[in-house]
DNA sequence: TATTGTTATACTCTATAACTATA
DNA sequence: TATAGTTATAGAGTATAACAATA
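Chains as they are written, first to last, in this note's numbering: chain A, 101 to 248; chain B, 101 to 248.
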């Protein structure tokens, strides 16, 4: 007679989609995206804005093109993103070599980047809080193999 | 002296975003979404089309509204999706009670739903193939808690 | 009164093509 | 010749509001 731990249902009863890793990943990601977007809206930032500002703070003189490659955002779509952050006085031009324009955070940008990281950390801490540090590290490394 | 398993880098050296579960989930999900979209394009289907067709096959006489609630798709946006599948002869009206319209697959729709599941299974099997069956089950259940 | 299906519409994100300037 | 930044634009996908018909 088959034994099953409590809380686990009969595998044959589980609907198809529930067993799809891709589907579960998609739904989980969409939910977290929405939550984070709501949280960052308090800082008047979209997720792309916040991520870019953080990266410029972390890596001064990075260019639009490099940021786009890192984040999977097309060069053309980086322009209004960078322009928006510039208009708000959060970033400015750093080292430029004529065609490449290094970007740096302003003092206001750095302060906001700190707030962004704080919010992202706080949000992330609420995700799967039952994971141990080891389990968390393992999951992170597994996920990164999917897209890298 | 701190000991570290080979292949693991100094935690303090890992960039901020790489340690964010939300970010990793987002990137992984986007990659898988793109791969699956490419695969389903062979059947001339988008992911939403395929998912809906599968669900109607699995649950005959389900309505647009119910499908929308299950998948996080607004009622208004379900209309063109259902219309498209109907025009292609993949689904048709089943039980209707006046305002609710149950949807069912046609024979062609059922055959395509089988192909969809085959493609989804095949794609999913390529995701984190190093996971054991137990690890896979655990991950699935953890992910589902995020969005349910 | 609440829900279903529906239409119209706006908004965001993303993709493509083309152009200029520079390495 | 390849790359960075830029512009304009088209296409998805998604969101809101409103309406008619029905439970």
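All C-beta atoms, glycine included, are put in the ideal place defined by N, C-alpha and C.
These figures come from a predicted structure and were not determined experimentally.
Can you name the residues of chain B whose CB is closer than 9 Å to the CB of residue i?
i	result
residue 220 of chain A	116, 117, 120, 122, 123
residue 246 of chain A	124, 127, 128, 129, 131, 132, 227, 228
Buried or exposed for residue i, going by 16 or more other Cβ atoms inside 10 Å?
i	result
residue 199 of chain B	exposed
residue 175 of chain A	exposed
residue 179 of chain A	exposed
residue 213 of chain B	buried
residue 172 of chain A	exposed
residue 225 of chain B	exposed
residue 197 of chain A	exposed
residue 144 of chain A	exposed
residue 195 of chain A	exposed
residue 182 of chain A	buried
residue 150 of chain A	buried
Can you name the residues of chain B whose CB is closer than 7 Å to the CB of residue i?
i	result
residue 129 of chain A	125, 126, 129
residue 242 of chain A	228
Report the neighbours of residue i on chain B: residues whose CB is nearer than 8 Å to its CB, in chain order.
i	result
residue 172 of chain A	127, 130
residue 142 of chain A	Those within 8 Å of residue 142 of chain A in chain B number zero; the least Cβ separation is about 16 Å.
Name the one or two DSSP bridge partners that residue i has.
i	result
residue 203 of chain B	B:162, B:193
Could you list which residues in chain A have their beta carbon closer than 7 Å to that of residue i, in chain order?
i	result
residue 187 of chain B	None at all; the shortest Cβ gap to chain A is about 24 Å.
residue 224 of chain B	120, 121, 122
residue 217 of chain B	116
Pull up the CB-CB distance for residue i and residue j, whole angstroms please, since I reckon it's below 8 Å.
i	j	result
residue 147 of chain B	residue 203 of chain B	Wrong, their Cβ atoms sit about 18 Å apart, outside the cutoff.
residue 170 of chain A	residue 120 of chain B	Incorrect: roughly 14 Å between the Cβ atoms, too far for contact.
residue 152 of chain B	residue 140 of chain B	Contact doesn't hold; Cβ gap of about 12 Å is too wide.
residue 216 of chain B	residue 132 of chain A	Incorrect: roughly 26 Å between the Cβ atoms, too far for contact.
Given that residue i touches chain A, what residues does it touch there, using C-beta distances under 9 Å?
i	result
residue 146 of chain B	Within 9 Å Cβ-Cβ: nothing; residue 146 of chain B doesn't reach chain A, min ~13 Å.
residue 192 of chain B	Within chain A, no residue comes near residue 192 of chain B; the closest Cβ sits about 22 Å away, beyond 9 Å.
residue 210 of chain B	Here the premise fails: no neighbours, minimum Cβ distance about 14 Å.
Listing by chain order, which chain A residues have their CB less than 8 Å from the CB of residue i?
i	result
residue 136 of chain B	122
residue 236 of chain B	121
| request: Assess, as a yes-or-no matter, whether the stretch 115-122 of chain A is touched by the stretch 142-160 of chain B under the definition of 3 or more beta carbon pairs within less than 8 Å. | output: yes
| message | If contact is defined by three or more beta carbon pairs under 8 Å, each pair taking one atom from either stretch, is the stretch 120-127 of chain A in contact with the stretch 238-247 of chain B? | response | yes
| Are the stretch 126-137 of chain B and the stretch 129-141 of chain A in contact at 8 Å, needing three or more beta carbon pairs? | yes
| Does the stretch 188-198 of chain A touch the stretch 207-223 of chain A, meaning 3 or more C-beta pairs lie closer than 8 Å? | yes
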